[in-house]
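The working numbering puts the first residue of the sequence shown at 2, with every later residue one more than the last. Just so it is clear, CB atoms sit at the ideal spot from N, CA and C, and this is done for glycine as well. Contents: one structure, followed by commentary.
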Amino acid sequence: MNKKQLKTAFLSFLLILIGFYSYTLIHAYALEPVYFNAFPLQQYDSRFYVVSLQEGAEIEINVTNTYNGDFDVFIHNDRPEQTYVSKFGYDDQIYENVTTFDTSSGDFTQLNYVAEESQLYYIQVVLISGETDTYHLNSSVSLELYFIPFLIPGYSVPIVASITLLTFIFIAIHINKRIKIKAH
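Put into structure tokens, the structure is as follows:
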């Protein structure tokens, strides 16, 4: 190789290297996080957040893994009542009230969304593959944790409510009998 070819090869290598790092830096620092959270999940587990957005407000969410887990992110426009995730993957219902989502594979997940109307939006982070991993979430808007009420696998809400009501009735009857016995 002569000097000119060597110089050209070296400059080409530098340009590729600079391009790669520029791309990485642009994506890593494009977001000025207002909210940060890290949390470990098991495969097929979810964690939810809630945020109130005004019409036209923009939110940017970045999720990165710690090891090699594959995290997906969904933004729901209606309050989720279940996770829609099982060991078989996603239930088709998950896509019915989703405004946007990113289910691409990789170490980095990014969502940008502009609110179409003023309301509460629910963000769901899912570890879809990778056994156990911790995600790091950055958001351009402050988020609050959201927990699905009565998310007890295998128990329906009416059964739990009925058993609770019957327990209170039996306790009331037992206390009433003790009071009558003491009165005599």
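What are the boundary residues of the beta strand (DSSP E) that includes glutamine 120?
That run of the beta strand (DSSP E) goes 120-130.
Let me check one thing: in DSSP terms, what residues is threonine 133 bridge-paired to?
Beta-bridge pairing links threonine 133 to Gln43.
For serine 141, which option in Gln83, Ala58, Thr133 has the closest C-alpha, if you only look at C-alpha atoms?
Considering only alpha carbons, the answer is Ala58.
DSSP three-state call for aspartate 93: helix, strand or coil?
Note: aspartate 93 maps to helix in three-state DSSP.
Leaving out five residues before and five after histidine 77 in sequence, what residues of the same chain have Cβ atoms less than 6 Å from its Cβ?
For histidine 77, where only same-chain residues beyond five positions count, the Cβ hits under 6 Å are Asn98, Val99, Tyr123.
Would you list the residues sitting across from glutamate 145 in a DSSP beta bridge?
Answer is Val51, bridged to glutamate 145.
Using only the alpha-carbon positions, how far apart do lysine 5 and serine 106 sit?
One Cα belongs to lysine 5, the other to serine 106, and the distance between them is close to 41 Å.
Helix, strand or coil for valine 64, going by three-state DSSP, please let me know.
Valine 64: strand per DSSP, three-state reduction.
Does valine 52 have its Cβ less than 8 Å from a Cβ in chain C?
Among the chains of the structure shown, chain C does not appear; only one protein chain is present.
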